[in-house]
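A.B. asks: The structure that follows is given in the form of structure tokens.
Number of protein chains: 2
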Amino acid sequence: MYNDKKRNRGDYLVPGRLEEKIIQAKDKVINAMAETMDLYGVTASIGRLYGTLYFQQYPMTLDEMKDELGMSKPSMSLAVRSLLDMKVVQKVWQKGTRKDLYVAEKDFFKFFQVFFSTKWRREIEVNLHAIDEALTELDTLLENPDLSPEKKKEAEAFKQQIENSKVYYNWLDDLVKSLESGRLFELIPPKKVD
Amino acid sequence: MYNDKKRNRGDYLVPGRLEEKIIQAKDKVINAMAETMDLYGVTASIGRLYGTLYFQQYPMTLDEMKDELGMSKPSMSLAVRSLLDMKVVQKVWQKGTRKDLYVAEKDFFKFFQVFFSTKWRREIEVNLHAIDEALTELDTLLENPDLSPEKKKEAEAFKQQIENSKVYYNWLDDLVKSLESGRLFELIPPKKVD
DNA sequence: TATAATGTTTAATACTTTTTAAATGTTAGC
DNA sequence: GCTAACATTTAAAAAGTATTAAACATTATA
Chain A
1 MYNDKKRNRG DYLVPGRLEE KIIQAKDKVI NAMAETMDLY GVTASIGRLY GTLYFQQYPM
61 TLDEMKDELG MSKPSMSLAV RSLLDMKVVQ KVWQKGTRKD LYVAEKDFFK FFQVFFSTKW
121 RREIEVNLHA IDEALTELDT LLENPDLSPE KKKEAEAFKQ QIENSKVYYN WLDDLVKSLE
181 SGRLFELIPP KKVD
Chain B
195 MYNDKKRNRG DYLVPGRLEE KIIQAKDKVI NAMAETMDLY GVTASIGRLY GTLYFQQYPM
255 TLDEMKDELG MSKPSMSLAV RSLLDMKVVQ KVWQKGTRKD LYVAEKDFFK FFQVFFSTKW
315 RREIEVNLHA IDEALTELDT LLENPDLSPE KKKEAEAFKQ QIENSKVYYN WLDDLVKSLE
375 SGRLFELIPP KKVD
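Chains as they are written, first to last, in this note's numbering: chain A, 1 to 194; chain B, 195 to 388.
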């Protein structure tokens with residue numbers, strides 16, 4: 001759950017420990033972010049990498065990530081790729097180095113936008129596809145005169161239920177469009193800080 | 195992945211097979227639902243139980259679930275409890291039986307409402323709590339005269355970044371309120387079927 | 001084109017989660 | 001308060017996932 005940086009429980013605040021305090025505070029927030037991402041099916045270690053990149057002022061290399069998180073380089077390679085796939089981390093280029101460099105999306109609104117529209121789009125796609133296939137099969141079945149009245153009733157109830165669920169998927173599609181166009185942020189506007 | 199009901203690959207549509215067709219079509223849709231729920235961190239078997247309950251016209255007992263899904267009763271007990279916790283399944287009472295009976299929430303809009311507001315509320319709670327703790331620690335630190343100028347700058351940058359992220363969590367809280375009050379469905383209205 | 005630096009794949013291991021059988025609790029009705 | 005019918009907990013096994021070291025592939029540049 002935690003990386004293995006040494007804690008100084010009960011130590012007094014002496015000059016040499018001051019920087020530890022920043023690291024501890026940062027760790028606390030990063031762990032909360034990781035726990036949060038875990039809610040949506042992102043593993044804690046990938047979440048912690050995102051948090052680490054989020055608070056990093058400069059792009060990081062795989063070697064820096066592995067040192068920072070105490071994990072292997074292949075692990076970092078896989079984790080960073082998964083964050084790239086989610087589009088919440090970008091690869092950047094920098095003169096003078098051959099290493100790949102990565103930065104995190106620092107705007108949580110954009111994070112929300114890209115994260116949920118991807119998930120919701122997939123939900124729509126997977127379910128509407130299955131529904132379409134099922135409807136085709138049901139229609140073939142309903143044309144068959146050998147179908148008993150009870151089974152016909154059952155097939156029609158099922159057909160009705162999935163037809164009906166399309167209303168939801170169409171709404172979800174509108175929500176995605178609203179999120180991607182930015183219109184959702186007009187409907188529910190973020191409040192500036194005071 | 196699949197339960198072990200026998201498939202009739204390549205069989206012709208003969209009267210005895212007709213009901214199999216309904217089951218197959220239903221399975222297809224249920225598996226899509228399970229795959230979808232998996233996107234949000236719900237395991238496929240819990241998702242499949244939800245799908246099964248979703249298409250069931252009557253409340254189901256644990257024994258019926260175990261027969262339908264070919265799993266053990268304790269598994270069903272755990273799965274159903276997790277669906278109860280998510281508030282997407284309800285326990286119902288029926289005269290004449292001592293068995294517990296369960297029904298699925300059949301309105302996907304309500305499902306969306308309860309599912310995402312729970313997740314988002316938890317996201318807000320966990321992160322704002324960590325941020326508050328971090329801010330307290332940072333303020334103590336920033337009062338300390340022994341803090342080097344570089345570390346002070348680092349602490350202030352970090353403080354600024356987490357202060358700033360509160361704008362997002364406040365917005366998310368507004369989104370939750372809008373979702374729970376039903377106002378989101380006025381802003382982005384579902385379209386009736388034609 | 002050679003080589004040194006870097007990233008990725010593979011295959012094995014460790015870890016976590018899911019599932020179950022057996023044991024235990026709980027409850028309703030007699 | 002017993003008993004029978006159920007649900008749940010526990011402990012172990014099975015399955016699945018994450019992590020790594022080692023091998024391999026790729027790339028940049030001299």
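By construction, the Cβ of each residue, glycine as well, lies at the ideal position given by its N, Cα and C atoms.
Give the single residue among B:Ser375, B:Asp257, B:Asn358, B:Leu332 whose Cα lies nearest to the Cα of B:Tyr296.
C.D. replies: If we check each option's Cα against that of B:Tyr296, B:Asp257 comes out closest.
A.B. asks: Looking at A:Phe116: is its Cβ nearer than 8 Å to the Cβ of A:Pro190?
C.D. replies: No, they are not a contact pair.
A.B. asks: Would you say A:Tyr23 reaches chain B, if we count a Cβ-Cβ gap shorter than 8 Å as a contact?
C.D. replies: Strictly speaking, residue 23 of chain A in this sequence is Ile, with Tyr absent from that position. Not one chain B Cβ lies under 8 Å of A:Ile23.
A.B. asks: Using a Cβ-Cβ cut-off of 8 Å, state whether A:Ser181 counts as contacting chain B.
C.D. replies: Judged by the 8 Å Cβ criterion, A:Ser181 is not in contact with chain B.
A.B. asks: Which partner residues of A:Lys91 appear in the DSSP bridge assignment?
C.D. replies: DSSP, once it has assigned bridges, lists A:Tyr102 as partnering A:Lys91.
A.B. asks: Give me the chain B residues within the contact set of A:Ala32, using Cβ-Cβ distance strictly less than 8 Å, ordered along the chain.
C.D. replies: In chain order: Val320, Asn321, His323, Ala324, Ile325.
A.B. asks: So, for A:Met162: in the same chain, excluding its five sequence neighbours on each side, which residues have a beta-carbon less than 8 Å away from its beta-carbon?
C.D. replies: Note on identity: in this sequence residue 162 of chain A is Ile, with Met being the wrong assignment. Cβ neighbours of A:Ile162 beyond the five flanking positions: Ile131, Ala134, Leu135.
A.B. asks: Relative to the C-alpha of A:Val89, which candidate in A:Lys95, A:Arg81, A:Gly96 has its C-alpha closest?
C.D. replies: For A:Val89, the nearest C-alpha among the options comes from A:Arg81.
A.B. asks: To the nearest angstrom, report how far apart A:Asn170 and A:Phe158 are at their CA atoms.
C.D. replies: In a straight line, the C-alpha of A:Asn170 is about 19 Å away from that of A:Phe158.
A.B. asks: By the criterion of Cβ-Cβ separation under 7 Å, what are the contact partners of A:Asp195 in chain B?
C.D. replies: This structure cannot speak to residue 195 of chain A, because chain A is shown only from 1 to 194.
A.B. asks: In the DSSP assignment, what are the bridge partners of A:Met60?
C.D. replies: Answer is A:Tyr102.
A.B. asks: Should A:Gly47 be flagged as near chain B, meaning a C-beta pair shorter than 8 Å?
C.D. replies: Chain B, which has no Cβ nearer than 8 Å to the Cβ of A:Gly47, makes this no.
A.B. asks: Expressed to the nearest angstrom, what Euclidean distance is found between the alpha-carbon atoms of A:Ala25 and B:Arg377?
C.D. replies: Cα to Cα, the separation comes out at about 37 Å.
A.B. asks: Judging by CA-CA distance, which residue of B:Lys347, B:Ser372, B:Ala238, B:Thr230 is the nearest neighbour of A:Gln57?
C.D. replies: Considering only alpha carbons, the answer is B:Lys347.
A.B. asks: Determine which residues of the region 104–119 of chain A have a Cβ less than 7 Å from any Cβ of chain B, and write them out in chain order.
C.D. replies: Here the close residues are Phe108, Phe109, Lys119.
A.B. asks: Is B:Thr246 close to chain A, meaning its C-beta is less than 8 Å from at least one C-beta of that chain?
C.D. replies: No, no contact with chain A.
A.B. asks: Name the residue from B:Ser271, B:Asp221, B:Lys281 whose alpha carbon lies nearest to the alpha carbon of B:Lys293.
C.D. replies: The shortest C-alpha separation from B:Lys293 is found at B:Ser271.
A.B. asks: With a CB to CB cut of under 8 Å and the five nearest residues on each side skipped, what residues in its chain are close to A:Leu141?
C.D. replies: These residues qualify, in order along the chain: Leu147, Ala155.
A.B. asks: Would a check of beta-carbon distances place B:Tyr234 closer than 8 Å to chain A?
C.D. replies: Chain A contact via Cβ: present.
A.B. asks: I'd like to know whether the C-beta of B:Leu212 is nearer than 8 Å to at least one C-beta of chain A.
C.D. replies: Closer than 8 Å to some Cβ of chain A, the Cβ of B:Leu212 qualifies, so yes.
A.B. asks: With a CB to CB cut of under 7 Å and the five nearest residues on each side skipped, what residues in its chain are close to A:Asp4?
C.D. replies: Low local confidence applies: a pLDDT of 32 at A:Asp4 is under 50, so the model's placement there is unreliable, and no value is given.
A.B. asks: Using DSSP with H/G/I as helix, E/B as strand and the rest coil, what is A:Pro145?
C.D. replies: Reduced to three states, the DSSP call for A:Pro145 is coil.
A.B. asks: Less than 8 Å separating the beta-carbons of A:Ile23 and B:Leu369?
C.D. replies: It is not a contact, given that the beta carbons lie outside the stated cut-off.
A.B. asks: Could you tell me which chain A residues have their CB closer than 8 Å to the CB of B:Val387, listed as they occur along the chain?
C.D. replies: Here the neighbours are Glu163, Asn164, Lys166, Val167.
A.B. asks: Can you pull the chain B residues whose beta carbon is under 8 Å from the beta carbon of A:Thr36, in chain order?
C.D. replies: Within 8 Å Cβ-Cβ: Arg316, Glu317, Val320, Asn321.
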